[in-house]
Amino acid sequence: MKIFRRILALTGSIAFISACACSGHEPVITQQEKQTEINLSWWGTDARNRYTIKAVEMFEEKYPDIKVNCSYSEWSGYEERSKIQMRSNTEADVMQINFS
């Protein structure tokens, strides 16, 4: 019985492949054009902001299908703004929320 099932599966596979190959249509290959966007939020000094933006640019170069929208500021007020965004479900996808 197992041999019969295997022969039936093999025959069905061959028939399917033959039908596809003989259809006269070229296979269609498309490239996905959709770009994923993520939001990144952090706090820090101007130096940290420059380094982080440079890292984001390197990331986007390596992964061109991902666009990173950056939002940054100094620590003063960052925590309160982040809390408000989290309560209203408008927070960034990736956030730096630590200190010290």
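With the working numbering applied, the sequence shown corresponds to residues 3 to 102, in that order. All C-beta atoms in this analysis are idealised placements derived from N, C-alpha and C, irrespective of residue type, glycine included.
For Ala49, the nearest candidate out of Ile40, Asn41, Glu76, Asp67 (CA to CA):
Comparing Cα-Cα distances from Ala49 to each of Ile40, Asn41, Glu76, Asp67, the minimum goes to Glu76.
Along the chain, where does the beta strand (DSSP E) that runs through Asn91 open and close? Looking at the DSSP string, Asn91 is not in any beta strand (DSSP E), and its letter there is neither H nor E.
Next on the checklist: I need the straight-line Cα distance from Lys85 to Asn91, nearest angstrom please.
Outcome noted: Taking the straight line from one Cα to the other gives about 10 Å.
Where Thr38 sits in the DSSP three-state scheme
Here Thr38 carries a strand assignment [DSSP, helix/strand/coil].
- Query: Comparing alpha-carbon positions, which option in Tyr53, Thr38, Ser43 lies nearest Met88?
  - Reply: Selected option, being the one with the closest Cα: Ser43.
- Query: Which stretch, first to last residue, makes up the beta strand (DSSP E) that contains Tyr74?
  - Reply: If you look at Tyr74, you'll find it in the beta strand (DSSP E) that goes 68–75.
Give the C-beta separation of Asn51 and Asn71 to the nearest angstrom, bearing in mind that I take them to be a contact with Cβ-Cβ under 8 Å.
-> Wrong, their Cβ atoms sit about 14 Å apart, outside the cutoff.
**Ser78, DSSP secondary structure in three states** = Residue state for Ser78 is assigned as coil, using DSSP reduced to three classes.
Is Tyr80 buried or exposed, if buried means 16 or more other CB atoms sit within 10 Å of its CB?
Within 10 angstroms of the beta-carbon of Tyr80 lie 16 or more other beta-carbons, which makes it buried.
>> Please list the terminal residues of the continuous alpha helix (DSSP H) segment that includes Thr47.
In response: Careful: Thr47 lies outside any alpha helix (DSSP H) and carries neither H nor E.
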